[in-house]
Amino acid sequence: MAACGMFSVAEFMPYLTECGITLSSSQVHRLVSGTPERLSLPVLATLCHLLDRTHTDLIVTSAQNLPAR
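Under our numbering, think of the first position of the sequence shown as 4, with each following residue one higher.
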């Protein structure tokens with residue numbers, strides 16, 4: 004967000020609303036301040052669009068090799 008000149012949730016929310024994403028300020032705060040438990044594809048697509056990033060820039064994955072059951 005900061006790279007795009009937005010430094011607060013209040014600055015970011017109108018852009019989300021303009022793109023058809025309706026979230027409360029607390030939902031947006033949780034989204035930008037940490038790792039959300041879940042994220043809808045429309046929200047992810049909107050974040051990519053607004054921040055001019057790809058999904059691989061915003062999502063970090065990891066895998067573990069687990070023993071067979």
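Cβ atoms here follow ideal geometry from the backbone N, Cα and C, with glycine treated the same way.
Give the C-beta separation of Val12 and His32 to the nearest angstrom, bearing in mind that I take them to be a contact with Cβ-Cβ under 8 angstroms. 5 angstroms between Cβ atoms; contact.
Would you report the Cα separation of Thr25 and Leu69, rounded to the nearest angstrom? 39 angstroms
Would DSSP call Ala66 helix, strand or coil? If DSSP states are grouped into helix, strand and coil, Ala66 belongs with coil.
Assuming contact is defined by CB atoms lying nearer than 8 angstroms, are Thr49 and Leu19 in contact in what I supplied? Closer than 8 angstroms, so yes.
Could you name the residues of the same chain whose beta carbon sits closer than 8 angstroms to that of Arg56, not counting the 5 residues immediately before and after it, in chain order? Leu50
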